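Single-structure report; data block below.
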Amino acid sequence: MDERQALREFRADVPAPDASARERARAELLAVVEPSRRRRLTRGRAAALVVAATTLAVALALVPGWWFGGDQRDDALAGLPSGPILHAILEVPVQDLAASSERAHVVNIDLATGRTEPVTARTELWYDARLRRLREVDTVNGVTVFEALETRYGSVDSLGAHDTEPATIYSGLGAFFEGYKRALRDKSVKVIGTEVVAGRRVRWLRFPPRPGRYADDVAVDAKTAKPLLIRHVCSGCVSATTYRIVALEGLREGAVRFPRPVRRGLHQIGRTKSVVENVSLRQATAALGEGTLWPGRVVGALRLTTIQLSRVAVRLAPPGSSRARTVRRTGLTFYYGGRLNRWGHMRFPPGEPYVTVAEATAAGVWFNGFHFDVFGGCAVGASRFGLPPVGEALMSWTGLGPYVLQLRARGRYLEVDSSSLALALAAARSLRPIQ
Numbered sequence: 234m235d236e237r238q239a240l241r242e243f244r245a246d247v248p249a250p251d252a253s254a255r256e257r258a259r260a261e262l263l264a265v266v267e268p269s270r271r272r273r274l275t276r277g278r279a280a281a282l283v284v285a286a287t288t289l290a291v292a293l294a295l296v297p298g299w300w301f302g303g304d305q306r307d308d309a310l311a312g313l314p315s316g317p318i319l320h321a322i323l324e325v326p327v328q329d330l331a332a333s334s335e336r337a338h339v340v341n342i343d344l345a346t347g348r349t350e351p352v353t354a355r356t357e358l359w360y361d362a363r364l365r366r367l368r369e370v371d372t373v374n375g376v377t378v379f380e381a382l383e384t385r386y387g388s389v390d391s392l393g394a395h396d397t398e399p400a401t402i403y404s405g406l407g408a409f410f411e412g413y414k415r416a417l418r419d420k421s422v423k424v425i426g427t428e429v430v431a432g433r434r435v436r437w438l439r440f441p442p443r444p445g446r447y448a449d450d451v452a453v454d455a456k457t458a459k460p461l462l463i464r465h466v467c468s469g470c471v472s473a474t475t476y477r478i479v480a481l482e483g484l485r486e487g488a489v490r491f492p493r494p495v496r497r498g499l500h501q502i503g504r505t506k507s508v509v510e511n512v513s514l515r516q517a518t519a520a521l522g523e524g525t526l527w528p529g530r531v532v533g534a535l536r537l538t539t540i541q542l543s544r545v546a547v548r549l550a551p552p553g554s555s556r557a558r559t560v561r562r563t564g565l566t567f568y569y570g571g572r573l574n575r576w577g578h579m580r581f582p583p584g585e586p587y588v589t590v591a592e593a594t595a596a597g598v599w600f601n602g603f604h605f606d607v608f609g610g611c612a613v614g615a616s617r618f619g620l621p622p623v624g625e626a627l628m629s630w631t632g633l634g635p636y637v638l639q640l641r642a643r644g645r646y647l648e649v650d651s652s653s654l655a656l657a658l659a660a661a662r663s664l665r666p667i668q
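In structure tokens form, the structure reads like this:
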């Protein structure tokens, strides 16, 4: 049983005011988790919506004083924020969402100190219950990667998907909220333990499902009762992902806009046309202009083997369109270690150390060792993750390597690929203009 399936089963069992409300809630959430083919809702987006619904339902019920006594609990329930606009922000390290998190890794790394920080995925939602509108904005490393707007007349997203089916999640949320309120009243929510998280003592509260189903644990500040974390627990789940609740509040009407999402991303039409040649240092400088960066003739114990100049042309079109424009890029790849074969192609014998440094003045087209895209007007690296500030790099690796650093420096985009982290950092720290 995977986590999403368990979550669906749990939602089916959330107590509601009556049987018909529970069935409507179940049907409406399933419509989001398992949409029709025309809606083309991605697994990632479906999971985000379900987690957001869970967090809204659980955390809105967590207010100061509910576990102390009947009168205080009733006062707390009476003070639940009712909107009219509900606003939620959830954050989680993308590493925690990886299916093979023990092998695949991605972090931001400070090039000077080597200190790493997790790459964060954020989902922000605004829900207007009266007008049945839901706006979602997903970002990774600060770059917007997905937007959606759902209304009673249909939905549209930033990837170009749209339909005319009425939104179905909104009335169901009301039933879930009522179910959690009842759980508080009948004391089925339990305090399962305390611990210190980031210097704050928290109480873990469990909202139990029926036997054999799915449970939600929510961490609240022991002093303020502010909801801080939510995690999903089931015996058959691969892992329990913990989401940080950054914000959960009711906003006044008119304080939030529900704009139509802007289409993002481009897709390639036809094949890539590429011309690659080995060039001298002077030719490399002439190709990319003054300020071309390189790590020098030696990285660690590896000497420069060759420099390849790539001239690439592709035709790119927006989502859902075949109207393409031709995009051309020129890039350089510096190779350290390995050897050239008789046809002028680079070869790296298995197990031997190596470094490649690929460079271009703009993102959007791939060539040897260079994998930067443009998404929503922003340059993005691996898996469309946003790039960190200058002085840091987006670092990804699998198992014991290779290591890939993607960074910006002096108006250039650079990708360092190496057999070891030490060599990758040595190359990135040595970057300087060709003299």
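For the sequence shown, our numbering gives the first residue as 234, with consecutive numbering after it. Just so you know, even glycine gets a beta-carbon here, dropped at the ideal spot from N, CA and C. All values derive from a computational prediction rather than experimental measurement.
- Distance check between V453 and each of G483, V422, A473 places V422 closest, using alpha-carbon atoms only.
- In the structure shown, Q541 falls within a strand segment according to DSSP collapsed to helix, strand and coil.
- For Q516, there is no enclosing beta strand (DSSP E); the residue is part of the alpha helix (DSSP H) that begins and ends at 514-521.
- According to the DSSP assignment, V327 belongs to the alpha helix (DSSP H) that extends over 327-330.
- Residue pairing for K506: DSSP places it in a beta bridge opposite A546.
- Within the DSSP bridge table, the entry for P351 names V340 as partners.
- Residue nearest to T384 within the set L330, P528, A455, L367 is L367 (criterion: CA-CA distance).
- In this structure, DSSP gives R436 an extended state, which the three-state scheme calls strand.
- DSSP, read as helix, strand or coil, puts R368 in strand.
- DSSP lists V451, Y476 as the beta-bridge partner residues of I463.
- Nearest in C-alpha terms to S554, of all of L330, A394, E350, V378, is A394.
- Taking all protein chains shown into account, A517 has 16 or more neighbouring C-beta atoms within 10 Å of its C-beta and is therefore buried.
- Contact check for G624 against A612 fails: the beta carbons are separated by 9 Å or more.
- Only residues of its own chain outside the window of five on either side were considered, and among them W437, R439, R464, V466 have a CB closer than 6 Å to the CB of D450, listed in chain order.
- About 3 Å separates the CB atoms of G619 and N374; that is less than 8 Å, so the two are in contact.
- V588 sits away from G577, with the two beta carbons spaced by 9 Å or more.
- For Y636, the CB contacts under 6 Å within the same chain, skipping 5 residues up- and downstream, are W630, S651, L654, A657 in chain order.
- Using a 10 angstroms sphere on the CB of Y360, the tally of other CB atoms reaches 16 or more, which defines it as buried.
- The residues I318, in chain order, have a CB closer than 8 Å to that of A488 in the same chain once the five nearest residues on each side in sequence are set aside.
- In the structure shown, L656 adopts helical secondary structure according to DSSP, grouped into three states.
- In this structure, V495 places its C-beta atom within 9 Å of the C-beta atom of S391.
- A straight-line Cα-Cα distance of about 30 Å links P583 and A345.
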